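Going by our numbering, the first residue of the sequence shown is number 13, and it counts up by one from there. We put the beta carbon where it would ideally sit given N, CA and C, even for glycine. Note that the coordinates shown come from a computational prediction; the quantities given were computed from them, not determined experimentally.
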Amino acid sequence: MSYLGNQRRLSTDLPRAAILVLSLLCFVGCGGSTVSKEQVSEKINMISEKLVLIETQASATDQEALDLVENSRSKLRKVQDLIIQDEFTRAHEALLTIERELDRFQRANSNSRTLVDFKDFGSVKVRLGDGAFERITPHVDLSKLRGIETGIRSGIELNPNSSLKIFVQASSEVIVHQYSTSGQNYDLELVKGELYISKGTDQNVVLRLGQFRATLNAVSSAELNIIPVSRKMYFSLHKGTAAWTEGDENGTLVKYQAMKWVDGRRNQVPIPVAPGLDSPNNNESVATGTTGKATISFRWHTEVFIPEFQLQVSEHPQFFTRKADEIGVRSGGAEIELPTGKYYWRVRGLGEDNVPGPFSRVRMLSVTRQSSRTGDIADSGRPKANVPGPKVRDLKVEIIGGMAIISGKTSDNVGVNVNGVAAVMMGEGLFRAVVNFEKAGKHQLRIIATDKATTGETIVERTVQIKF
Numbered sequence: 013m014s015y016l017g018n019q020r021r022l023s024t025d026l027p028r029a030a031i032l033v034l035s036l037l038c039f040v041g042c043g044g045s046t047v048s049k050e051q052v053s054e055k056i057n058m059i060s061e062k063l064v065l066i067e068t069q070a071s072a073t074d075q076e077a078l079d080l081v082e083n084s085r086s087k088l089r090k091v092q093d094l095i096i097q098d099e100f101t102r103a104h105e106a107l108l109t110i111e112r113e114l115d116r117f118q119r120a121n122s123n124s125r126t127l128v129d130f131k132d133f134g135s136v137k138v139r140l141g142d143g144a145f146e147r148i149t150p151h152v153d154l155s156k157l158r159g160i161e162t163g164i165r166s167g168i169e170l171n172p173n174s175s176l177k178i179f180v181q182a183s184s185e186v187i188v189h190q191y192s193t194s195g196q197n198y199d200l201e202l203v204k205g206e207l208y209i210s211k212g213t214d215q216n217v218v219l220r221l222g223q224f225r226a227t228l229n230a231v232s233s234a235e236l237n238i239i240p241v242s243r244k245m246y247f248s249l250h251k252g253t254a255a256w257t258e259g260d261e262n263g264t265l266v267k268y269q270a271m272k273w274v275d276g277r278r279n280q281v282p283i284p285v286a287p288g289l290d291s292p293n294n295n296e297s298v299a300t301g302t303t304g305k306a307t308i309s310f311r312w313h314t315e316v317f318i319p320e321f322q323l324q325v326s327e328h329p330q331f332f333t334r335k336a337d338e339i340g341v342r343s344g345g346a347e348i349e350l351p352t353g354k355y356y357w358r359v360r361g362l363g364e365d366n367v368p369g370p371f372s373r374v375r376m377l378s379v380t381r382q383s384s385r386t387g388d389i390a391d392s393g394r395p396k397a398n399v400p401g402p403k404v405r406d407l408k409v410e411i412i413g414g415m416a417i418i419s420g421k422t423s424d425n426v427g428v429n430v431n432g433v434a435a436v437m438m439g440e441g442l443f444r445a446v447v448n449f450e451k452a453g454k455h456q457l458r459i460i461a462t463d464k465a466t467t468g469e470t471i472v473e474r475t476v477q478i479k480f
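Structure, rendered in structure tokens:
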């Protein structure tokens with residue numbers, strides 16, 4: 013995953029798993045395998061697209077689908093070891109097994125999934141036909157929908173069919189030019205706030221921001237955002253392609269590209285792809301301490317350096333309200349104190365001009381009251397103060413232009429990330445990571461080695477001087 017230099021252009025064409033494996037292949041030769049690197053890469057690309065499709069069609073509470081995606085990505089990470097050892101035939105066989113599991117799931121669920129027309133929370137008003145705005149009711153006729161308004165701490169998710177999802181977040185207004193479930197034609201204009209849409213192959217979707225119009229092609233997902241006070245707005249494409257027009261101008265956007273306007277001036281910028289989540293694990297339960305709250309260490313990783321992130325924690329799977337919304341988080345982690353309850357969390361990277369990329373998948377977390385009988389605290393998936401971290405040895409940092417190459421050695425069963433970039437583990441504790449910097453000057457490297465069994469962490473920091 014990348015949005016810097018040549019890697020930026022690569023990220024617009026390949027899914028994140030394919031990018032990861034291609035980077036690993038740079039470390040190894042072709043070997044004597046009967047299966048080529050290209051065949052392995054192609055198979056990973058196909059599996060990644062299947063995973064994205066399953067993940068985007070599943071709701072945040074569809075545990076079967078989310079577990080399948082998580083387990084499949086875990087198996088993909090194990091394929092890395094085979095690739096590093098030039099075992100391309102074995103890697104290909106493992107990938108075929110993953111693909112068969114995904115195909116079985118898709119066949120079993122192709123006709124069984126049903127979705128309600130909408131899920132709303134808080135103050136949501138709709139305008140039907142030429143009428144005035146009124147509070148939405150469970151029996152509203154969405155075929156007459158002409159407008160949507162959401163208040164503070166409110167939002168709505170529309171599900172016209174199983175492959176189309178529309179999210180209108182808090183303090184937003186949307187003009188609905190067309191909403192035809194029979195013809196599957198949808199034309200939406202964002203006036204203010206935030207709108208997100210994910211579509212399948214059968215829907216015709218047009219999205220508008222003022223004079224800007226984008227027609228989503230094939231399987232696509234996009235986000236629109238308008239902040240009237242700052243006179244800023246953006247349209248970002250998370251998946252698929254979109255043909256756009258604005259006045260006499262036109263063009264095409266591909267995934268991980270965005271249009272941003274400041275004071276009416278349009279600029280095309282790249283966006284980062286979604287981070288991978290490390291801890292807490294999905295459905296993990298954390299017990300509170302004596303204060304009645306638990307301090308949760310959220311950890312994630314990316315495959316290339318992203319300077320800042322946005323972390324959201326909510327009590328709603330649609331994130332209509334947020335218990336925490338941290339913007340500008342550096343590195344690959346943050347600590348947040350939470351009371352008892354059930355929470356959902358996700359992360360995304362912030363690209364150029366602070367235009368965000370797509371969110372990661374959603375994970376669920378439960379904070380429960382500590383048992384007075386045992387006094388035990390459940391494993392939170394976060395580092396424990398009394399658990400020593402793994403040793404980091406032979407640490408070496410090499411600077412080449414704006415790139416820092418970090419290598420070293422730790423123990424087996426240890427994961428390493430540097431400034432949120434997941435290191436490539438090459439066996440026997442050897443690791444390597446590459447971090448890119450855009451600007452010259454002094455920069456901080458933060459190397460975090462985490463024991464996967466004990467969750468103990470070792471943090472090493474180095475200051476490097478970048479010269480172009």
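{"Check": "Whole-Å CB distance - residue 343 paired with residue 431, under 8 Å assumed", "Outcome": "6 Å"}
{"Check": "Secondary structure of residue 90, DSSP reduced to three states", "Outcome": "helix"}
{"Check": "Exposed unless 16 or more other CB atoms sit within 10 angstroms - verdict on residue 465", "Outcome": "exposed"}
{"Check": "Where residue 58 falls: helix, strand or coil (DSSP)", "Outcome": "helix"}
{"Check": "Cut-off 8 Å between Cβ atoms - residues of its own chain near residue 415, not counting five sequence neighbours on either side", "Outcome": "446, 447, 448 and 449"}
{"Check": "Residue 234 versus residue 181 - alpha carbon distance", "Outcome": "14 Å"}
{"Check": "Same chain only: Cβ atoms within 6 Å of residue 406, ignoring 5 sequence neighbours per side", "Outcome": "420 and 421"}
{"Check": "C-alpha distance - residue 463 paired with residue 87, whole-angstrom precision", "Outcome": "19 Å"}
{"Check": "Beta-ladder partner(s) of residue 237, from DSSP", "Outcome": "206 and 246"}
{"Check": "Within 7 Å, strictly: CB atoms of residue 148 and residue 129", "Outcome": "no"}
{"Check": "Buried/exposed call for residue 31, threshold 16 Cβ in 10 Å", "Outcome": "With a pLDDT of 42 at residue 31, under the threshold of 50, the modelled position of this residue cannot be trusted, and the question is left open."}
{"Check": "Completely contained alpha helix (DSSP H) runs for the segment 297-322, where each covers 4 or more residues", "Outcome": "none"}
{"Check": "Beta-carbon proximity of residue 244 to residue 203, cut-off 7 Å", "Outcome": "no"}
{"Check": "The segment 153-171 in contact with the segment 135-142 per 3-pair CB rule at 8 Å", "Outcome": "yes"}
{"Check": "With 16 other Cβ atoms within 10 Å as the buried cut-off, status of residue 400", "Outcome": "exposed"}
{"Check": "Boundaries (first-last residue) of the beta strand (DSSP E) holding residue 223", "Outcome": "Premise fails: residue 223 is in no beta strand (DSSP E) and is neither H nor E."}
{"Check": "Inter-residue CB distance, residue 472 and residue 426 (contact presumed, cutoff 8 Å)", "Outcome": "13 Å between Cβ atoms; not a contact."}
{"Check": "Three or more C-beta pairs below 8 Å linking the segment 292-309 and the segment 345-365", "Outcome": "yes"}
{"Check": "For residue 179, three-class secondary structure by DSSP", "Outcome": "strand"}
{"Check": "Residue nearest to residue 62 in terms of C-alpha spacing, selected from 116, 101, 90 and 100", "Outcome": "116"}
{"Check": "Integer-rounded CB distance, given that residue 229 should sit under 8 Å from residue 270", "Outcome": "Contact doesn't hold; Cβ gap of about 16 Å is too wide."}
{"Check": "Three-state secondary structure assigned by DSSP to residue 386", "Outcome": "Since pLDDT at residue 386 reaches only 35, below the 50 mark, its modelled position is unreliable, and the value read off the structure follows with that caveat. Residue 386 falls in the coil class under three-state DSSP."}
{"Check": "Buried versus exposed call for residue 41 [16 or more other C-beta atoms within 10 Å across all chains shown]", "Outcome": "Reliability of the predicted coordinates at residue 41 is poor, the pLDDT of 43 falling under 50, and the value obtained from them is presented with this limitation in mind. Looking at its Cβ environment, which holds fewer than 16 other Cβ atoms inside 10 Å, residue 41 is exposed."}
{"Check": "Residue 251, buried or exposed, once every other Cβ within 10 Å from all chains shown has been counted against 16", "Outcome": "buried"}
{"Check": "Best match in 296, 381, 99 and 418 for proximity to residue 305 [C-alpha to C-alpha]", "Outcome": "381"}
{"Check": "Pair within 7 Å by beta-carbon distance, residue 290 and residue 312", "Outcome": "yes"}
{"Check": "Residue of 195, 188, 208 and 189 minimising C-alpha distance to residue 504", "Outcome": "The structure shown has nothing for residue 504, since the chain only spans 13 to 480."}
{"Check": "Cut-off 7 Å between Cβ atoms - residues of its own chain near residue 199, not counting five sequence neighbours on either side", "Outcome": "189, 190 and 218"}
{"Check": "Limits of the unbroken beta strand (DSSP E) element including residue 403", "Outcome": "That residue, residue 403, is in no beta strand (DSSP E); it is neither H nor E in DSSP."}
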